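Quick note, the sequence shown lines up with residues 1 to 477 if you use UniProt numbering.
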Amino acid sequence: MNTNLPVNARKPHFWEALISLFALISGVTFSIVKYGLDPQVPMILGVIVACLIALRCGFKWKTIQNGMVKGISSAIPAVIILIVVGIMVGVWILAGVVPAIIYYGLEIISPTFFLPATLIICALTSVATGTSWGTTATVGVALIGIGGGLGFPLPLVAGAVLSGAYFGDKLSPLSDTTNIASAMVGIDVFKHVKHMSYTTSVTFGLTLLIEIVIGFTYDTGPGNLERIEHIQSVLAANFSLNPIIFSPILLIVIISYFKVPAIPGITIGALAGVVCAVLVQGADYQTLIQVSSSGFESITGDPDVDALLTRGGLDSMMFAISLIFTGMMFGGVMERTSQLLVVAEKILNYARSTGSLVATTAITCVAANIILCDQYMAIIMGARSFSTAYKEKGLAPENLSRAVEDSATVTANLVPWNAGGAYQAATLGVPTFLYLPFNFYCWLSPLVTILFAYMGWTMTKLPHDHDAESQRSKEHN
């Protein structure tokens with residue numbers, strides 16, 4: 001966070017920063033809940049209020065504008081991924097990759113065990129690849145189709161997909177968020193993963209239990225089996241389900257193993273889909289360009305199948321991209337003009353015990369996801385803001401990295417205007433507010449890590465020699 005104030009600018013008061021926050025949150029909430037409107041314009045109004053507060057505090061317009069530009073520029077990698085994923089999803093449907101997974105998935109997955117199977121499949125995929133975004137864009141999209149074919153509400157399926165994807169992302173040493181969280185507090189990534197596994201395994205166990213219970217309450221009568229068979233026959237009649245169309249999935253797994261970065265990795269997957277679309281489905285150049293731009297339009301004649309397969313394309317990501325840009329404008333102004341800093345300092349005053357310190361860390365990271373609209377910024381803010389407080393309480397740095405990841409990483413996709421929430425909603429085709437209640441893992445995770453802190457479970461202390469050295473340093477100062 002920015003702590004250096006320009007000449008003639010003063011530090012904002014806490015109540016001034018709250019006005020900016022209230023303007024954003026109240027405007028977006030009122031527009032969505034009351035009228036069902038898109039949040040971008042209310043968010044711009046929040047940006048205007050934050051700018052006015054900054055001007056009141058003496059910040060020059062150039063400084064404020066630079067904050068907005070920096071905020072937007074930090075989101076560019078996510079926007080590039082959104083563009084490539086949108087193209088890949090459309091191409092994979094045209095190539096028959098997604099229809100084939102749906103077809104064979106309906107064949108082998110029982111409705112009773114579908115939700116826990118979805119959770120586990122996405123968890124394993126995310127651990128292996130180190131990316132929740134890549135998991136939802138590939139396996140997640142296919143599981144959404146299978147779940148729809150089985151008759152499950154799509155928000156329920158999306159919740160299981162995201163729960164598994166973010167569990168695996170957190171525990172994978174290949175994950176960028178996992179490496180950032182450990183690096184920000186100065187510990188080895190494997191020590192971070194080991195310490196995080198205590199809270200993460202409990203949260204995953206609770207989520208798995210919930211998914212099993214929901215699965216057993218699902219109606220698996222003969223009418224549903226007939227519906228599954230009908231969907232399979234429609235898919236088989238409209239796509240050539242040749243085994244070669246599974247090659248893009250295999251390619252994605254291979255390049256993930258070799259730690260190919262997300263953007264070139266997804267691009268390779270999309271190009272592999274293009275090859276399959278041409279060779280297996282007989283797609284021509286015009287169709288490929290149309291699908292890459294506008295998405296795949298299913299016209300099988302079956303409304304359920306058409307609803308499942310009409311998705312993807314560059315255009316489908318424009319809403320999410322505009323949402324990310326407006327959100328990052330607000331976050332950039334708040335960070336550059338120190339409005340976020342005064343809020344963090346105020347919150348830190350309430351962190352007196354170990355439990356309250358971890359709770360404060362988690363709440364701050366969740367708030368940062370709402371305000372800064374980016375999980376990476378939320379991780380950095382949480383690690384920077386509380387590192388000294390953890391040392392003063394004699395807590396090892398892995399406690400901080402765990403608290404940050406258990407809150408910042410997993411809650412980004414629960415905020416509609418956050419880059420994570422916008423991406424997942426656009427990719428899975430389910431609005432954030434609809435899948436949020438069923439994304440059990442992601443909202444249970446901060447609660448479990450807070451519980452562990454208050455109970456004193458697995459809260460590692462600093463070595464005694466470190467405490468003595470810290471005390472001598474204080475006395476010297």
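Backbone N, C-alpha and C define an ideal beta-carbon position, used for all residues, glycine too.
Keep in mind it's a predicted model, so treat the numbers as computed, not measured.
query                                                                                                             : result
Distance, Y350 Cα to Y435 Cα                                                                                      : 32 Å
G429 to I231 span [Cα, whole Å]                                                                                   : 19 Å
Reference I109; option with closest CA among V91, V291, G149, V33                                                 : G149
Own chain residues within Cβ distance below 7 Å of G58, not counting five before or after                         : N8, A9, R10
Selected residue, minimal CA-CA separation from E211, among V202, S172, G159, A183                                : G159
Length of the line joining the Cα atoms of T200 and F167                                                          : 7 Å
Where Q259 falls: helix, strand or coil (DSSP)                                                                    : Looking at the sequence provided, one finds Lys at residue 259 rather than Gln. Reduced to three states, the DSSP call for K259 is coil.
Sub-7 Å separation of I252 and T138 beta-carbons                                                                  : yes
CA-to-CA distance, V157 to S293, given in whole angstroms                                                         : 27 Å
Validate contact between the segment 264-279 and the segment 33-51 using beta carbons, cut 8 Å, 3 pairs           : no
Closest by C-alpha distance to G394, when choosing among L462, N413, R384, G140                                   : L462
For R311, the residue or residues it bridges with in DSSP                                                         : F296
S385 classed as buried or exposed, judged by whether at least 16 other C-beta atoms fall within 10 angstroms      : buried
F209 classed as buried or exposed, judged by whether at least 16 other C-beta atoms fall within 10 angstroms      : Looking at the sequence shown, residue 209 is not Phe but Leu. Exposed is the call here.
Pair within 7 Å by beta-carbon distance, I266 and A422                                                            : no
Given M317 as reference, the closest of L309, G295, M328, V305 once Cα atoms are compared                         : G295
Residue 496, buried or exposed, once every other Cβ within 10 Å from all chains shown has been counted against 16 : Lying before the first or after the last residue shown, residue 496 is absent from the chain, which here runs from 1 to 477.
Residues that DSSP places opposite K346 in a beta bridge                                                          : For K346, which the question treats as bridged, DSSP gives no partner whatsoever.
Any non-hydrogen atom of the ligand GDP within 6 Å of A351 CB                                                     : The ligand GDP is not part of this structure, which contains no ligands at all.
Unbroken alpha helix (DSSP H) run spanning C365, endpoints                                                        : 354-372
Classification of T388 by the beta-carbon crowding that lies within 10 angstroms, buried from 16 upward           : exposed
Rounded straight-line distance, which links the Cα of T427 to that of L82                                         : 8 Å
Straight-line gap, T125 to P248 (C-alpha atoms, nearest Å)                                                        : 15 Å
Residues that DSSP places opposite K461 in a beta bridge                                                          : L395
Selection from F14, N66, T29, V33 that minimises the alpha carbon distance to R336                                : N66
Beta carbon of T326 nearer than 7 Å to that of I44                                                                : yes
Collapsed DSSP secondary structure at S110 in the structure displayed                                             : coil
Beta-carbon proximity check, T354 vs A453, cutoff 7 Å                                                             : yes
N413, enclosing alpha helix (DSSP H) - first and last residue                                                     : Neither: N413 is in no alpha helix (DSSP H) and is coded neither H nor E.
DSSP state of R10 mapped onto helix, strand, coil                                                                 : coil
Distance between L341 and A359 (C-alpha atoms, nearest Å)                                                         : 18 Å
Test item: CB-CB of L372 and G331 under 7 Å                                                                       : yes
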